[in-house]
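Asker: Numbering (my numbering), first residue to last: 6 to 103.
Each residue gets a CB set at the ideal place from its N, CA and C atoms; glycine is no exception.
Below is the structure I would like to discuss, written out as structure tokens.
Following this line, the structure appears as structure tokens:
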């Protein structure tokens with residue numbers, strides 16, 4: 006990502022996509038590069054922080070179909086059995102979210 010953003014410093018979005026991300030769906034990739042451009046500081050910080058920070062980051066409520074309250078309730082529901090070493094299967098999570 007950072008390589009693409011550095012290329013973008015001296016080029017247009019369309020040229021950057023053509024050079025760095027050759028794909029049949031250029032419009033989608035142009036949107037992706039524009040999103041990366043907006044998040045450049047976050048991306049640079051994660052790269053500088055080392056590989057343990059290379060995770061998706063999503064603030065609470067961002068692109069969620071659930072309300073913030075319901076999402077917080079699900080987080081508490083998942084975290085309750087964790088100290089006992091119990092994991093929550095995805096099917097249980099889907100059922101709980103309904």
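Can you tell me whether DSSP reads residue 88 as helix, strand or coil?
Answerer: In this structure, residue 88 counts as helix in the three-state DSSP scheme.
Asker: Ends of the alpha helix (DSSP H) at residue 30?
Answerer: Where residue 30 is concerned, there is no enclosing alpha helix (DSSP H), given that its DSSP letter is neither H nor E.
Asker: Look up residue 16 in the DSSP assignment and say whether it is helix, strand or coil.
Answerer: Three-state DSSP puts residue 16 in coil, outside helix and strand.
Asker: For residue 93, which three-state DSSP category applies?
Answerer: Correct three-state label for residue 93: coil.
Asker: Give the C-beta separation of residue 7 and residue 52 to the nearest angstrom, bearing in mind that I take them to be a contact with Cβ-Cβ under 8 angstroms.
Answerer: About 5 angstroms; that satisfies the 8 angstroms criterion.
Asker: With distance defined between alpha-carbon atoms, name the residue in 88, 76 and 87 nearest to residue 101.
Answerer: Nearest C-alpha to residue 101: 76.
Asker: What did DSSP end up calling residue 35 once you bin it into helix, strand or coil?
Answerer: Residue state, collapsed to three classes: helix.
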